[in-house]
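>
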Amino acid sequence: MTFEFEIVSILLIILFLINILFAGIIIFIERKDASATWAWVLILFFIPFLGFLVYIFLGQNLTRRRLFDWEGIKKIGIMDIIAKQIQQVQNPSFSYHDENIDPYRDLIFMHLINNDAILTKDNHVEVFADGHDKFRQLLQDLEDAKDHIHMQYYIFRNDDLGQQIIQKLTQKAQEGVQVRILYDELGSRQLRRKHFKELTAAGGEVGVFFPSKLAPLNFRLNYRNHRKLTVIDGQHGYVGGFNVGDEYLGKSKKFGYWRDTHLRVSGNAVDPMQTRFILDWNQASKDHPIQYEARYFPMKNPSNGTATMQIVSSGPDSEWEQIKNGYMKMIMIAKESIYIQTPYFIPDQSLLDSLRVAALTGKDVRIMIPSMPDHPFVYWATLSHIGQLLKSGVKVYIYQKGFIHAKSIIIDRKMSSVGTANIDMRSFKLNFEVNAFIYDQEISERLSKDFENDMMISDRLTIEKYNTRPKMIRFKESISRLLSPIL
4 MTFEFEIVSI LLIILFLINI LFAGIIIFIE RKDASATWAW VLILFFIPFL GFLVYIFLGQ
64 NLTRRRLFDW EGIKKIGIMD IIAKQIQQVQ NPSFSYHDEN IDPYRDLIFM HLINNDAILT
124 KDNHVEVFAD GHDKFRQLLQ DLEDAKDHIH MQYYIFRNDD LGQQIIQKLT QKAQEGVQVR
184 ILYDELGSRQ LRRKHFKELT AAGGEVGVFF PSKLAPLNFR LNYRNHRKLT VIDGQHGYVG
244 GFNVGDEYLG KSKKFGYWRD THLRVSGNAV DPMQTRFILD WNQASKDHPI QYEARYFPMK
304 NPSNGTATMQ IVSSGPDSEW EQIKNGYMKM IMIAKESIYI QTPYFIPDQS LLDSLRVAAL
364 TGKDVRIMIP SMPDHPFVYW ATLSHIGQLL KSGVKVYIYQ KGFIHAKSII IDRKMSSVGT
424 ANIDMRSFKL NFEVNAFIYD QEISERLSKD FENDMMISDR LTIEKYNTRP KMIRFKESIS
484 RLLSPIL
């Protein structure tokens, strides 16, 4: 009995030392921000054995090395365009001579210098708020494809919609169109390569981002590719919040109607969307890399569009949280209004303070979130952060028709951003994301009207209502808020 007791004591001491070691790594080596540091220390303290296992797989920083090979991009001249645009903006006397663009010169420069996000003009942009409309148009564009189809999704389900798209891709591959599809393995964890058997037999290619199933000790498990991109013939590109699955058509019994925002872009902005796909594909599929050929960057068909935009990427491999920084700059330069739609709202202190200051200085700040959780801890953390903003005069709306998954921000009804990034620390620090920053009043007005239409089917959350929530909900919010930096 004494011997067994000694063994247990030794094991507990070893476990205690391991926890101290990991706590030291978190505090002194990993250089996480203070909130994330304390969240991990709490986990290690309260659940010591499980805590350090969770940290091994989910807590380590991704090495900030170049995951993506940018060398090939030099062949298509994008770097020359970036250098020219940076030189222009750095000239104090330079002007775009466009009231849609000039007020956002600093934001444009930031994305250029830190993200290599070229400014593109004369784009035609269609906005989709309904999954049926989005996928109807996507399937038509797939049918019309002549040269290539590049498709990338975080979630790709093997359900009715997923099979319909795979069948269409298989058909196009059989017709001689080059088809490539890239999916995130964790997001699409129920998907198997056998589901693409006919597609690959027809010559299509399938890539998986950061695979984990064949690597039990995958320390990159926490870093996922959350991007949703499709490029067809280098002429049309899609980016936004819709994944591929029946629930995005409103067929989920749990969520009901699915409200999202997705863009179809025709014009010069398709080139940086194509570049983003190629970078991601070449990282995930090193055996079959895409060469930077002219076929992928063709002369654009007349789009009759006037929108100016930048395609901005962010990820844990980058030194800067570029999309978050873009959001913050938008909030800072807003003169009248800020409209935000997001399924999750877990900002860091800097973003929270920016919104609070905007409201306190008279800006019309409105935030719309879902009425139901798809991730409970994230939802409770969202409610906790929302409470702070209510006290500052921010107007909060709880969407009631179904589940709102849109990721958009509009300022002054003149400039907007739509993409894959939620307003949470996972999107800003851990996920690979992509957003369109749109300097166009017509598109921003359309997005503003969509927001206001959604307000008609939403409940206003007042500070009085918020203060009446049950004590159990407040307790859940408090726990979730402590863990929010790592959710």
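To convert, count from 1 in the sequence shown and add 3; that's the working numbering.
For glycine and all other residues, C-beta sits at the position ideal for the given N, C-alpha and C.
Could you check whether L185 and Q155 sit closer than 8 Å to each other, using their CB atoms as the reference points?
Within the sequence shown, the letter at position 152 stands for residue 155. Within the sequence shown, the letter at position 182 stands for residue 185. In this structure, L185 lies closer than 8 Å to Q155 by Cβ.
> Could you compute how far the alpha carbon of R68 sits from the alpha carbon of V421?
For this step, residue 68 is matched to residue 65 along the sequence shown. For this step, residue 421 is matched to residue 418 along the sequence shown. In this prediction, R68 has a pLDDT of 49, which is less than 50 and means its spatial position is unreliable; what the coordinates show is noted afterwards. So the two alpha carbons sit approximately 27 Å from each other.
> Does the region 433-453 come into contact with the region 312-325, if we say contact requires no fewer than three beta-carbon pairs (one atom in each stretch) closer than 8 Å?
Result yes; three or more Cβ-Cβ pairs closer than 8 Å.
> Quick one: does the C-beta of N304 sit closer than 7 Å to a heavy atom of the ligand NAP?
Ligands are entirely absent from the displayed structure, and the ligand NAP is therefore not among its contents.
> Suppose you measure from the CA of K479 to the CA of F380; what does that come to, to the nearest Å?
Taking the sequence shown and counting its residues from 1, the one referred to as residue 479 is at position 476. Taking the sequence shown and counting its residues from 1, the one referred to as residue 380 is at position 377. Taking the straight line joining both Cα atoms gives about 8 Å.
> With distances taken Cα to Cα, identify the nearest neighbour of N94 among I104, A297, F112.
In the sequence shown, the residue the question calls residue 94 occupies position 91. Checked all of I104, A297, F112; the closest Cα to N94 is F112.
> For I281 and E208, what's the separation of their Cα atoms in angstroms?
The residue you call residue 281 lines up with position 278 of the sequence shown. The residue you call residue 208 lines up with position 205 of the sequence shown. Going from the Cα of I281 to the Cα of E208 covers about 13 Å.
> I'd like the list of long-range same chain contacts for H135, defined as Cβ closer than 7 Å, with 5 residues on each side in sequence excluded.
Locating residue 135 in the sequence shown gives position 132, where the first residue counts as 1. Around H135: L252.
> What are the boundary residues of the beta strand (DSSP E) that includes G92?
Taking the sequence shown and counting its residues from 1, the one referred to as residue 92 is at position 89. The question names Gly, yet the displayed sequence has Val at residue 92. V92 -> not in any beta strand (DSSP E); alpha helix (DSSP H) instead, spanning 81-93.
> Which complete beta strand (DSSP E) runs does the region 249-319 hold, if anything under 3 residues is left out?
Whole beta strand (DSSP E) segments, 3+ residues: 260-269, 310-317.
> Apart from the five residues just before and just after V397, which ones in its own chain have a Cβ nearer than 7 Å to its Cβ?
What you label residue 397 is simply residue 394 of the sequence shown in a count that begins at 1. Hits under 7 Å: L358, A362, V368, I370.
> At the level of alpha carbons, what is the spacing between I389 and D263?
To locate residue 389, count along the sequence shown from 1; it is residue 386. To locate residue 263, count along the sequence shown from 1; it is residue 260. Looking at the two C-alpha atoms, the distance is approximately 21 Å.
> Looking at chain C, is there any beta carbon in it that lies within less than 8 Å of the beta carbon of L141?
Given the protein chain composition of this structure (a single chain), no chain C is represented.
> Could you check where the alpha helix (DSSP H) with P1 kicks off and where it finishes?
This structure gives no information on residue 1, because the portion of the chain shown stretches from 4 to 490.
> Going straight from the alpha carbon of I85 to that of R279, what length do you get?
Locating residue 85 in the sequence shown gives position 82, where the first residue counts as 1. Locating residue 279 in the sequence shown gives position 276, where the first residue counts as 1. Each residue's Cα considered, the two are about 15 Å apart.
> In the DSSP assignment, find the unbroken beta strand (DSSP E) run with T233 in it and report its ends.
Here residue 233 corresponds to residue number 230 of the sequence shown, with the count starting at 1. Element bounds for T233: 232-235.
> From K1 to P305, what does the alpha carbon distance come to, in whole angstroms?
Look at the range of the chain in this structure, 4 to 490, and you will see that residue 1 is not part of it.
> The beta strand (DSSP E) spanning F159 covers which residue range?
Here residue 159 corresponds to residue number 156 of the sequence shown, with the count starting at 1. From DSSP, F159 is part of no beta strand (DSSP E); its letter is neither H nor E.
> Thinking C-alpha only, which one of D236, Y295, V211 is nearest S288?
Here residue 288 corresponds to residue number 285 of the sequence shown, with the count starting at 1. Selected option, being the one with the closest Cα: V211.
> Starting from the C-beta of A176, find all residues in its chain whose C-beta is less than 8 Å away, skip the five residues before and the five after it, and write them out in chain order.
Translated into positions along the sequence shown, residue 176 becomes position 173. So the list reads V182, L202, A205, G206, G207, once near-sequence residues are dropped.
> Counting beta carbon pairs with one atom in the region 138-149 and one in the region 104-118, are three or more of them shorter than 8 Å?
They do not touch, by the three-pair rule.
> Quick check: what's the CA-CA separation for E102 versus G259?
For the purposes of this step, residue 102 is taken as residue 99 along the sequence shown, with counting starting at 1. For the purposes of this step, residue 259 is taken as residue 256 along the sequence shown, with counting starting at 1. Taking the straight line joining both Cα atoms gives about 41 Å.
> Pick from D462, W284, E322: whose alpha carbon is nearest that of F213?
The residue given as residue 213 occupies position 210 in the sequence shown. Closest option to F213, Cα to Cα, is W284.
> Taking the continuous beta strand (DSSP E) assigned at H127, which residues delimit it?
To locate residue 127, count along the sequence shown from 1; it is residue 124. Note, H127: beta strand (DSSP E), 123-133.
> Give me the DSSP bridge partner(s) of K398.
Position 395 of the sequence shown, counted from the start, is the residue given in the question as residue 398. The partner list for K398 (beta bridge, DSSP) reads R369.
> What residue from I235, I158, D162 has the CA that sits closest to K149's CA?
Taking the first residue of the sequence shown as position 1, residue 149 is located at position 146. Of I235, I158, D162, the residue nearest in Cα terms is I235.
> Just the Cα atoms here: how many angstroms apart are R484 and L386?
Here the question's residue 484 lines up with position 481 in the sequence shown. Here the question's residue 386 lines up with position 383 in the sequence shown. Distance between the alpha carbons of R484 and L386 is about 9 Å.
> Does F2 come out as helix, strand or coil in the three-state DSSP assignment?
There is simply no residue 2 to check, as the chain begins at 4 and stops at 490 in what is shown.
> Alpha carbon to alpha carbon, how far is Y402 from Y226? Give it in angstroms, no decimals.
By one-based count along the sequence shown, residue 226 stands at place 223. By one-based count along the sequence shown, residue 402 stands at place 399. Taking the straight line joining both Cα atoms gives about 29 Å.
> Just the C-alpha distance for I343 and A337, rounded to the nearest angstrom, thanks.
On the sequence shown, residue 343 is found 340 positions in, with the first residue counted as 1. On the sequence shown, residue 337 is found 334 positions in, with the first residue counted as 1. Looking at the two C-alpha atoms, the distance is approximately 13 Å.
> Less than 8 Å between the C-beta atoms of R416 and S374, yes or no?
Here residue 416 is taken as the residue at index 413 of the sequence shown, counted from 1. Here residue 374 is taken as the residue at index 371 of the sequence shown, counted from 1. For R416 and S374, no; Cβs fall outside 8 Å.
> Rounded to whole angstroms, what's the CA-CA distance from K171 to N271? Just pull it up for me.
Stepping through the sequence shown from its first residue, residue 171 is reached at position 168. Stepping through the sequence shown from its first residue, residue 271 is reached at position 268. Their backbone Cα atoms lie some 26 Å apart in a straight line.
> How long is the line joining the alpha carbons of G308 and E448, rounded to whole angstroms?
By one-based count along the sequence shown, residue 308 stands at place 305. By one-based count along the sequence shown, residue 448 stands at place 445. The alpha-carbon atoms of G308 and E448 are separated by roughly 16 Å.
> In the structure shown, what three-state DSSP assignment does H100 receive?
Against the sequence shown, residue 100 aligns to sequence position 97. Correct three-state label for H100: coil.
> In whole angstroms, what separates the C-alpha of M458 from that of I89?
Taking the sequence shown and counting its residues from 1, one reaches residue 458 at position 455. Taking the sequence shown and counting its residues from 1, one reaches residue 89 at position 86. Each residue's alpha carbon lies about 40 Å from the other.
> Which value, in whole angstroms, describes the spacing of the CA atoms of Q294 and F300?
Start at 1 with the first residue of the sequence shown, and residue 294 comes out as number 291. Start at 1 with the first residue of the sequence shown, and residue 300 comes out as number 297. In a straight line, the C-alpha of Q294 is about 11 Å away from that of F300.
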